[in-house]
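Have a look at the structure below, then the notes.
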Amino acid sequence: MSNENIRDEIAKRRTFAIISHPDAGKTTLTEKLLLYGGAIVEAGMVKGKKNMRHAVSDWMEIEKQRGISVTSSVMQFNYDGYCINILDTPGHQDFSEDTYRTLMAADSAVMVIDGSKGVEAQTRKLFKVCRMRGIPIFTFINKMDREAKDSFDLMSDIEGELGIETCPINWPIGSGKRFQGVYDRLHKKLLKFEFEGDQIAGRHEVEKIEVDLADPGLKDLIGEGALEQLLEETELLDGAGHPLDMDMVSHGELSPVFFGSALTNFGVEPFLEEFLRMTSSPLPREAKEGVVDPLNDPFSGFVFKIQANMNRAHRDRVAFLRICSGKFEKGMEVFHTKEGKKIRLSQPTQLMAQDRSIVDEAYAGDIISIFDPGIFSIGDTICDPKHIVHYQGIPTFAPEHFCRLRQVDSLKRKQFIKGTDEIAEEGAIQIFQEPGKSMEEVIVGVVGTLQFDVLIYRLKAEYGIEVRMESLPYEHIRWIRQLPGDEPGQNVNDYQKANELTLTSDTKIVQDIKGNLLLLFSSDWNIDWALNHNKGLVLAEFSQN
Ligand code: G4P
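Once you know that position 144 of the sequence shown is 144 in my numbering, the rest is easy, because the numbers rise by one and skip nothing.
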């Protein structure tokens, strides 16, 4: 394959994650997108996944017991000349640090918001990560077939809560029972929603009608009151709204907003078309050696997720690799920068929901999973041996739930340390130590509480250890970036110095496995208190090393 063909393949890749609060409609929207791409043939296949997993997946008892996914997958399909990779971000009970890490592998994000609810807690958290990376963020305001909040209020909600400008690409005409469709501001077309009696389900790909809002005849189509309101609102948007500035979009400073209803398939295809046009092909990535160009540089990628025990019989691990540049071919020799040696990647696979298929080739933008004999860690770079690069690594995100973990049988100290260390290395949990305390007791922090259950289960099943878990009343943890009177980065791991901080009695100083010092807080209020009483103290919500 010529270099030009490789470049063509890469240029048509669009790799994005869909983020949302549970129940906003992420699964439904994903499913509709897959339907357009022909990747699935009937509605319900993705949704059904939640139940189907009982039958197809037996790699972890917990998954069976709860009937939910503990993993996230990647879905690839073609549409209109594009090759699309949707990264699934675990979001319900299985919300975890992997959800954040998945966003490190995406080039853009689609934020699904329930029109009746506006911005919700989980969206806020995920949005922060997108913002940190400066990737384009597109908004799909869903469930317009239900009574929604005022559209202007929704815009101010997004702008106020998330600190991003918005530019509605289309604008809804009513909502709920009075939902008439959307006006496409970009193409000056009307996309009319049609109820099928009281039925709202079904397909709603209604022709777009070119309209002139100044044409009074439009009232026959949507009614006089609705036309008046639409005129008023679009005038306000044209006058006071933010124009569509693609430079701001590409830096994640302005979010193009689309209204629709995923369940009824309304507004999904126009959204997909516009989104694909506006979002970017694989983005260049920063490496120690300089910026890596996805199109012109040879193969490189990084591990963003490690999944243990997909097949319990083999106790194997699978590493998920985001390809950042060039082309990957099955059996090719690559360089693993952390180990400093050449390796051959055996059996690379691509995931489509639960089915794994062997891939012969993959390109920048694609995600492949590779067998991990225990050598990979999150953030590792894998690249062409003749063109070695080191990617920056993946930050560690602040967990929000904490417990104290003790082994029941003190004779099994070694296994306890091995087990907790290995599971922490995979990135499922984070371990903290109170300086001076014994290793038989650790503080475990997780992003989603399911990880506690997974931990107890795995320690027993894989390491033969019984543990006692006591939940701790902390909600926030922050890495110390600078202590009062110091330069940034100076003395940050000096426990004696950190001990001199003025803190509330329920704030605890702990250490992560890399020796970094952190503060554990029981509320937001305590964080403010610490910052207000220690001038010069700088805290961070994630750690880069
Ligand atoms: P999630 O992945 O973000 O958690 O949300 P999901 O797609 O599972 O949707 C949550 C619920 O909202 C589902 O209903 C789904 O049918 C409904 N929904 C999604 N999009 C729309 C929409 O555009 N309009 C309306 N009216 N409802 C929508 P459920 O009752 O929880 O599940 P199910 O019984 O429909 O499967």
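Every residue, glycine too, gets a C-beta built ideally from N, C-alpha and C.
For residue i, list the residues DSSP reports as bridge partners.
| i | result |
| --- | --- |
| Lys-305 | Phe-320 |
| Val-442 | Leu-405 |
| His-390 | According to DSSP, which records beta bridges pairwise, His-390 is partnered with nothing at all. |
| Arg-79 | In the sequence as presented, Arg is not what sits at residue 79; that position holds Tyr. BP columns for Tyr-79 point to Tyr-82. |
| His-476 | Phe-521 |
| Arg-344 | Glu-333 |
Can you check whether the CB of residue j is closer than 8 angstroms to the CB of residue i?
| i | j | result |
| --- | --- | --- |
| Val-249 | Pro-136 | yes |
| Asp-157 | Gly-217 | no |
| Ile-394 | Phe-299 | no |
| Gly-239 | Phe-140 | no |
| Leu-450 | Ile-429 | no |
| Asp-297 | Gly-267 | no |
| Lys-546 | Ile-209 | The shown model of the chain, from 1 to 545, leaves out residue 546, and the question about it has no answer. |
| Val-334 | Pro-385 | yes |
| Leu-103 | Cys-130 | yes |
| Leu-537 | Gln-482 | yes |
| Pro-284 | Ile-10 | no |
| Tyr-495 | Pro-435 | yes |
| Ile-388 | Thr-420 | no |
| His-401 | Val-446 | yes |
| Phe-432 | Ile-465 | no |
| Leu-213 | Thr-234 | yes |
| Arg-478 | Glu-541 | yes |
| Met-111 | Ile-19 | yes |
| Arg-322 | Gly-290 | no |
| Thr-99 | Leu-126 | yes |
| Ile-164 | Ser-280 | no |
| Leu-231 | Lys-219 | no |
Taking all protein chains shown into account, do 16 or more other C-beta atoms lie within 10 angstroms of the C-beta of residue i, making it buried, or fewer, making it exposed?
| i | result |
| --- | --- |
| Ala-148 | buried |
| Ser-108 | buried |
| Met-60 | For Met-60, the predicted model reports a pLDDT of 48, less than 50, meaning its position is unreliable and no value from the coordinates is stated. |
| Asn-265 | buried |
| Ser-175 | buried |
| Pro-90 | buried |
| Lys-365 | Per the sequence presented here, residue 365 reads as Gly, with Lys not at that position. The residue is buried, with at least 16 neighbouring Cβ atoms inside 10 Å. |
| Ile-443 | buried |
| Asn-610 | This structure cannot settle anything about residue 610, because the visible part of the chain is limited to 1 through 545. |
| Pro-373 | exposed |
| Ala-201 | Bear in mind that the predicted position of Ala-201 carries a pLDDT of just 46, short of 50, making it unreliable; the figure below should be weighed with that in mind. It counts as exposed. |
| Phe-397 | buried |
| Trp-525 | exposed |
| Gly-67 | Per-residue confidence for Gly-67 stands at a pLDDT of 38, beneath the threshold of 50, marking its modelled position as unreliable; the derived number appears in the next sentence. Label assigned to Gly-67: exposed. |
| Met-144 | buried |
| Asn-142 | buried |
| Met-246 | exposed |
| Arg-178 | exposed |
| Ala-17 | buried |
| Ile-86 | buried |
| Glu-97 | buried |
| Lys-288 | exposed |
| Gln-544 | exposed |
| Ser-438 | exposed |
| Ala-353 | Model confidence at Ala-353 stands at a pLDDT of 40, short of 50, so the residue's coordinates are unreliable; what they give is reported in the following sentence. Ala-353 is buried by the Cβ-count criterion. |
| His-54 | Residue placement at His-54 is flagged as unreliable, the pLDDT there being 31, under the threshold of 50; the coordinate-derived value follows with that caveat. Result: exposed. |
| Ile-527 | buried |
- Where are the alpha helix (DSSP H) runs, 4 residues long or more, that stay fully inside the stretch 186-260, in chain order? 218-222, 224-240 and 246-250
- Query: What runs of the alpha helix (DSSP H), each 4 residues or longer, lie entirely inside the stretch 504-536?
  - Reply: 524-533
- Task: Only counting runs of 3 or more residues, tell me where the beta strand (DSSP E) segments fall wholly within the stretch 116-177, in order along the chain.
- Result: 137-142, 165-168 and 170-173
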